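Taking it in order: structure first as structure tokens, then the write-up.
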Amino acid sequence: MSKLFKLSPLLIGVVALAGFLIYINLPADDNSPEGGFGGGQTPVVVSKANNQAFPVIVEALGTAVANESVNITAQQAETIDKIAFDDGDVVQKNQILVELNNRAEQARLNELDININEAKRQLSRIKDLANQSVASEQLLDEQQARVKALSAQKEVAQADLEELVIRAPFGGRLGTRLVSIGSLVRPGDLITTLDDLSVIKVDFSISERHLASVSPGQTIYATSVAYPGEQFTGQITNVDSRIDPVTRSIAVRAQLPNPDLKMRPGMLLQINLEKRVLDALVIPESAIVPQGDSQFVYVVEPDDEGNQTAKKTTVILGERKPGLVQILDGLSKGQEVITEGTLRVRDGSVVRILER
9 MSKLFKLSPL
19 LIGVVALAGF
29 LIYINLPADD
39 NSPEGGFGGG
49 QTPVVVSKAN
59 NQAFPVIVEA
69 LGTAVANESV
79 NITAQQAETI
89 DKIAFDDGDV
99 VQKNQILVEL
109 NNRAEQARLN
119 ELDININEAK
129 RQLSRIKDLA
139 NQSVASEQLL
149 DEQQARVKAL
159 SAQKEVAQAD
169 LEELVIRAPF
179 GGRLGTRLVS
189 IGSLVRPGDL
199 ITTLDDLSVI
209 KVDFSISERH
219 LASVSPGQTI
229 YATSVAYPGE
239 QFTGQITNVD
249 SRIDPVTRSI
259 AVRAQLPNPD
269 LKMRPGMLLQ
279 INLEKRVLDA
289 LVIPESAIVP
299 QGDSQFVYVV
309 EPDDEGNQTA
319 KKTTVILGER
329 KPGLVQILDG
339 LSKGQEVITE
349 GTLRVRDGSV
359 VRILER
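As numbered in this note's numbering, the sequence shown has no gaps in its residue numbers, which increase by one up to the final residue, 364.
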């Protein structure tokens with residue numbers, strides 16, 4: 009059984025476009041002075057050289073760092089009595105995270121309270137006796153010193169007791185919980201991590217030749233492979249005071265607001281820094297024909313007979329960006345250059361403009 013083969017309109021369009029591109033880019037016949045087909049005219053596509061705002065972009069790679077970051081650890085060796093957070097919780101400053109066993113410290117504090125109360129009672133009695141000249145001034149001074157010493161011991165015990173309650177030093181997002189109730193933790197043992205992600209810092213390096221063009225307060229744009237098509241905007245906060253003598257680069261730090269907490273510490277960011285904006289004469293990059301160390305374009309101009317001809321012209325290039333190039337010398341505003349079909353033309357070839 010035969011089936012009818014249907015051509016898709018999209019397939020037809022792709023084939024037609026491919027044929028057009030092949031046709032206009034076929035090498036010219038060296039035996040033809042004009043180097044073209046159909047009456048000696050080579051079909052081309054042209055574009056005008058125009059002045060436009062041309063931002064010069066400095067690109068760099070940077071690593072995201074949290075605005076504030078800390079490892080939550082214990083200050084004393086003790087077992088965990090209570091855990092007041094879950095993985096990934098957002099916490100506020102001074103919020104309680106973990107409570108360690110404090111029975112011994114609490115008992116010591118209660119003992120000191122009793123001793124202080126007794127010492128103060130004895131001090132009051134000695135004062136009365138001293139007023140009656142029954143107790144000596146030395147005895148009174150010794151009792152006052154004892155009250156002060158016990159009060160100081162209480163402050164130390166109170167500090168020890170407070171160290172058994174682990175709090176968030178600042179607001180942020182917690183990481184993974186690495187302990188359980190009943191675990192014995194020692195000083196330095198990691199309990200969890202805490203990061204302030206409201207602002208992301210990013211450190212990157214640029215060449216020393218860009219030093220004069222960067223300064224604190226300058227805008228940067230960052231992108232990440234995690235969020236294709238999305239751009240994050242921030243500002244430079246610091247330009248390092250020293251240039252690396254090995255790489256001849258300078259370190260720059262910027263801050264990017266992160267209200268949605270999309271960016272995370274350790275993320276690789278592509279940084280684009282707008283160095284300056286030029287009022288530049290610009291043409292499409294496809295018009296450039298390299299030859300050795302020189303760069304050429306084909307300028308379309310009318311000849312004496314009124315035909316459009318291609319004139320090979322040397323140009324000096326400036327800054328580039330995707331698809332466009334700045335022309336420093338060799339062209340004037342409004343001149344038309346060939347952007348498609350350059351492989352088919354020669355200097356002096358008669359051309360037929362298909363599209364502007």
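Just so you know, even glycine gets a beta-carbon here, dropped at the ideal spot from N, CA and C.
If you're wondering where the values come from, they're calculated on a predicted model, not measured in any experiment.
Problem set entry | Endpoints, beta strand (DSSP E) assigned at L332 | L332 to D337
Exercise. Could you give the residue range of the alpha helix (DSSP H) that holds L276?
Worked result: Taken as a continuous stretch (DSSP letters only), L276 belongs to no alpha helix (DSSP H), being part of the beta strand (DSSP E) at L276 to P292.
Problem set entry | Selection from E363, E113 and I346 that minimises the alpha carbon distance to D355 | I346
Exercise. If we count the other Cβ atoms within 10 Å of its Cβ and call it buried at 16 or more, is D95 buried or exposed?
Worked result: exposed
Exercise. So, is D311 buried or exposed, given that buried needs 16 or more other C-beta atoms within 10 angstroms?
Worked result: exposed
Exercise. So is R352 buried or exposed if we call it buried at 16+ other beta carbons inside 10 Å?
Worked result: buried
Problem set entry | Simplified DSSP state of L192, which is helix, strand or coil | strand
For this session: Note down, one range per segment and in chain order, each beta strand (DSSP E) of at least 3 residues found wholly within the stretch 162-213.
Result: 173-175 and 180-182
Exercise. Are the beta-carbon atoms belonging to F212 and A68 less than 7 Å from one another?
Worked result: yes
Problem set entry | Residues bridged to S302 (per DSSP) | Q299
Exercise. To which residues of the same chain is K128 closer than 8 Å at the C-beta, ignoring the five residues directly before and after it?
Worked result: V155
For this session: For N266, count neighbouring C-beta atoms within 10 Å of its own C-beta (all shown protein chains included) and say buried if the count is 16 or more, exposed if not.
Result: buried
Exercise. Tell me which same chain residues have a C-beta within less than 6 Å of the C-beta of V210, skipping the five on either side of it?
Worked result: G70, A72, A262 and L277
Problem set entry | Close Cβ partners of G46 (< 8 Å) along its chain, the five nearest in sequence each way excluded | Low confidence applies here, because G46 scores a pLDDT of 44, under 50, leaving its location unreliable and the question unanswered by this model.
Exercise. Under the DSSP definition of a beta bridge, which residues are partnered with S55?
Worked result: V345
Exercise. Expressed to the nearest angstrom, what Euclidean distance is found between the alpha-carbon atoms of Q299 and E293?
Worked result: 15 Å
Problem set entry | Euclidean distance between Cα positions of S141 and L117 | 35 Å
Exercise. Whose C-alpha, out of E344, Q226 and S357, is nearest the C-alpha of R364?
Worked result: E344
Exercise. Whose C-beta lies closer than 6 Å to the C-beta of Q303 among residues of the same chain, with five residues either side of it excluded?
Worked result: I296, V323 and L325
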